[in-house]
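Asker:
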Amino acid sequence: MKFLKCFLFCIINLERLESIMKKLFSFIVFLLCFTLTGSLFTPVTFAETKIPVQNYQSNTAYPFETIPDYSGDPFIIMNDNQPYFSEEEKNQTTNKIALSDLDELRRCGPALEVFDKNCLPSKDRGDIHKVYPSGWHQKKQGNRYVYNRCHLLGYAESGLNDESRNLITGTVQMNQDVMTLFEADILRYVRQSGNHVIYRVTPDFRGQNLVCNGLSLEAWSVEDQGQGLALNVYLYNVQDGVSIDYKTGYSTITDTSEDTLSGNISHSATRDLILNTSSKKFHLASCRMASRIAPRNRQEVQDSIDHLEAQGYKPAQCCIH
């Protein structure tokens, strides 16, 4: 009887041990797969990407050493607005996305895309809050935040959602107020022409800094050889009224008294405003981005916000803080 009990005890424990070993083996395989792909630590979702994604390789170096210090203008034009693409690059018509691997400080490198209107995503962008780009230390300045998770290749162009190789710590001023305007110009050309565009965004990381000083944006329309679109600008990663430590990403609020269309200003009072009659947006007279409105669409008025909104106008995003 004792022998039978011992025999049964051993059989039961062997089965338990076998079950435990199977679970342990499955867990090890799971861990190895995620470690090799990097997906366990770097969530990647090519949400609506319709273009093959590859590693970025280029010998072209953007001349960041020639960039002057920020003096109040949110961007500057480089090389007479002519991008630094090679002749071979300027003739590419094969749709692709190329992203740089993160470096040892988990910083993004250059990102490039060749695309036409058939590559544009058809769904809304998903959540990106699980990605923490290098130097991410959020803070509020008055009614808005200092930082955005800023896509190098915008979702509207690339369909890349929470891809960590495509997200940097960018100020709201650079991302929402400036970069989106250039992206809108590129998208407008692509949709209207049907042509291909080659587009490259390069972050300007200096030394061991975790936050870039700015971004270079280069774009070129392929089929018409730059006649429809040629772009080479540098955007400053700054926020007026905020002092940024680019080495760490920490920031200090130095001024919250900006002239904006939000807050406690009167919407019924008459004031100087600038209209974009094409986009049906209005700007403050002091808004630097109003200078980009084409003369045929620009109209300076003295009017109230309430009256303009009744006519279908909306405040420009760059004037809402």
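Those letters in the sequence shown? Residues 0 to 320, by the numbering used here.
Heads up, the beta-carbon is just placed ideally off N, CA and C, and yes, glycines get one too.
Hey, could you find the ends of the alpha helix (DSSP H) E308 is sitting in?
Answerer: For this step, residue 308 is matched to residue 309 along the sequence shown. Its alpha helix (DSSP H) spans residues I304 to A309.
Asker: My assumption, with CB atoms under 8 angstroms, is that S99 sits in contact with R164. Please give the rounded CB distance.
Answerer: Residue mapping note: residue 99 aligns to position 100 of the sequence shown, counting from 1. Residue mapping note: residue 164 aligns to position 165 of the sequence shown, counting from 1. Confirmed, about 7 angstroms.
Asker: In three-state DSSP terms, what is I50?
Answerer: Reading the sequence shown from its first residue, position 51 is the one you call residue 50. Under the three-state reduction of DSSP output, I50 falls in the coil class, being neither helix nor strand.
Asker: Should H195 go down as buried or exposed, given a rule of 16 or more other Cβ atoms within 10 Å for buried?
Answerer: In the sequence shown, residue 195 corresponds to position 196, counting from 1. Answer is buried; the Cβ neighbour count reaches 16.
Asker: Can you give me the Cβ contacts of C286 inside the same chain, cut-off strictly under 8 angstroms, excluding the 5 residues immediately before and after it?
Answerer: Mapped onto the sequence shown, residue 286 falls at position 287. Cβ within range, chain order: I273, A315, C317 and C318.
Asker: Taking all protein chains shown into account, do 16 or more other C-beta atoms lie within 10 angstroms of the C-beta of E112, making it buried, or fewer, making it exposed?
Answerer: Locating residue 112 in the sequence shown gives position 113, where the first residue counts as 1. It counts as buried.
Asker: Report the CB separation of S267 from D305 in whole angstroms; it is logged as a contact under 8 angstroms.
Answerer: Position 268 of the sequence shown, counting from 1, holds the residue named residue 267. Position 306 of the sequence shown, counting from 1, holds the residue named residue 305. With 8 angstroms as the limit, S267 and D305 qualify as a contact, their Cβ atoms being about 5 angstroms apart.
Asker: Under the DSSP definition of a beta bridge, which residues are partnered with E213?
Answerer: As a first step, residue 213 must be located in the sequence shown, where it is residue number 214. Checking the sequence, you will find Gly at residue 213 rather than Glu. According to DSSP, which records beta bridges pairwise, G213 is partnered with Y235.
Asker: Per DSSP, which residues does R199 bridge with? Please list them.
Answerer: By 1-based counting over the sequence shown, the position of residue 199 is 200. The partner list for R199 (beta bridge, DSSP) reads L111 and E217.
Asker: Would you identify the three-state DSSP class for Y312, choosing helix, strand or coil?
Answerer: Taking the first residue of the sequence shown as position 1, residue 312 is located at position 313. Looking at Y312 - three-state DSSP - the assignment turns out to be coil, as it is neither helix nor strand.
Asker: DSSP has D271 in a bridge; who is on the other side?
Answerer: The sequence position of residue 271 within the sequence shown is 272, counting from 1. Q301, per the DSSP bridge assignment.
Asker: If you draw a straight line from the C-alpha of Q191 to the C-alpha of D239, how long is it?
Answerer: In the sequence shown, residue 191 corresponds to position 192, counting from 1. In the sequence shown, residue 239 corresponds to position 240, counting from 1. Q191 and D239: Cα-Cα distance of roughly 35 angstroms.
Asker: Drop a sphere of 10 angstroms on the beta-carbon of N331, count the other beta-carbons inside from all chains shown, and report buried for 16 or more, exposed for fewer.
Answerer: With the chain covering 0 to 320 only, the question about residue 331 has no answer from this structure.
Asker: Taking 8 angstroms as the threshold (C-beta atoms), are I167 and E88 in contact?
Answerer: As a first step, residue 88 is located in the sequence shown; it is residue number 89 there, counting from the start. As a first step, residue 167 is located in the sequence shown; it is residue number 168 there, counting from the start. For E88 and I167, no; Cβs fall outside 8 angstroms.
Asker: Whole angstroms is fine: what's the gap from N208's alpha carbon to T170's?
Answerer: The count along the sequence shown starts at 1 and reaches residue 208 at position 209. The count along the sequence shown starts at 1 and reaches residue 170 at position 171. Between N208 and T170, the C-alpha separation is close to 15 angstroms.
Asker: Determine the direct distance from the alpha carbon of T201 to that of T65, and round the result to whole angstroms.
Answerer: Taking the sequence shown and counting its residues from 1, one reaches residue 65 at position 66. Taking the sequence shown and counting its residues from 1, one reaches residue 201 at position 202. Their Cα atoms are separated by approximately 15 angstroms.
Asker: For the alpha helix (DSSP H) that R190 lies in, which residues bound it at each end?
Answerer: Working through the sequence shown from its first residue, we reach residue 190 at position 191. R190 -> alpha helix (DSSP H) spans T179 to S192.
Asker: Check the C-beta distance from S215 over to Y233 and give it rounded, since I have them as a contact under 8 angstroms.
Answerer: Taking the first residue of the sequence shown as 1, we reach residue 215 at position 216. Taking the first residue of the sequence shown as 1, we reach residue 233 at position 234. Indeed, because the Cβ distance is near 5 angstroms, the residues count as touching under 8 angstroms.
Asker: Would you list, in sequence order, the uninterrupted alpha helix (DSSP H) runs of no fewer than 4 residues that lie entirely inside the region 94 to 141?
Answerer: none
Asker: Hey, could you find the ends of the beta strand (DSSP E) Y146 is sitting in?
Answerer: The residue given as residue 146 occupies position 147 in the sequence shown. Segment Y146 to H150, the beta strand (DSSP E) holding Y146.
Asker: Pair every Cβ in the region 145 to 162 with every Cβ in the region 48 to 55, then say whether three or more of these pairs are closer than 8 angstroms.
Answerer: yes
Asker: Report the residue from L152, Q301, N80 and T92 whose alpha carbon sits nearest the alpha carbon of P109.
Answerer: Here residue 109 is taken as the residue at index 110 of the sequence shown, counted from 1. Checked all of L152, Q301, N80 and T92; the closest Cα to P109 is L152.
Asker: Taking only the alpha-carbon atoms, compute the straight-line gap between A60 and S85 and give it to the nearest angstrom.
Answerer: Translated into the one-based positions of the sequence shown, residue 60 becomes position 61. Translated into the one-based positions of the sequence shown, residue 85 becomes position 86. Straight-line Cα distance between these residues: approximately 12 angstroms.
Asker: Between the C-alpha atoms of W135 and G213, what's the straight-line distance to the nearest angstrom?
Answerer: Against the sequence shown, residue 135 aligns to sequence position 136. Against the sequence shown, residue 213 aligns to sequence position 214. Whole-angstrom Cα-Cα distance: 15 angstroms.
Asker: Would DSSP call F204 helix, strand or coil?
Answerer: The residue given as residue 204 occupies position 205 in the sequence shown. In the structure shown, the three-state DSSP call for F204 is coil.
Asker: Over the uninterrupted beta strand (DSSP E) stretch that includes S157, give me the two end residues.
Answerer: As a working mapping, residue 157 is identified with position 158 in the sequence shown. Per DSSP, S157 belongs to no beta strand (DSSP E); it is in the alpha helix (DSSP H), Y154 to S157.
Asker: Can you have a look at L228 and say buried or exposed, based on whether 16 or more other CB atoms are within 10 angstroms of its CB?
Answerer: Residue numbering aside, residue 228 sits at position 229 when the sequence shown is read from its first letter. When all chains shown are included, L228 counts as buried.
Asker: Label L283 either buried or exposed according to how many other C-beta atoms from any shown protein chain fall within 10 Å of its C-beta, with 16 as the threshold for buried.
Answerer: Here residue 283 refers to the residue found at position 284 when the sequence shown is read from its first residue. It is buried - the Cβ of L283 has at least 16 other Cβ atoms within 10 Å.
Asker: Between M288 and N236, what straight-line distance do the alpha-carbon atoms span, to the nearest angstrom?
Answerer: Here residue 288 refers to the residue found at position 289 when the sequence shown is read from its first residue. Here residue 236 refers to the residue found at position 237 when the sequence shown is read from its first residue. Near 15 angstroms, if we compare the C-alpha coordinates of N236 and M288.
Asker: Cutting at 6 angstroms between CB atoms, please list the residues of its own chain near K138, excluding the five before and the five after it.
Answerer: Taking the first residue of the sequence shown as 1, we reach residue 138 at position 139. Hits under 6 angstroms: V145 and S250.
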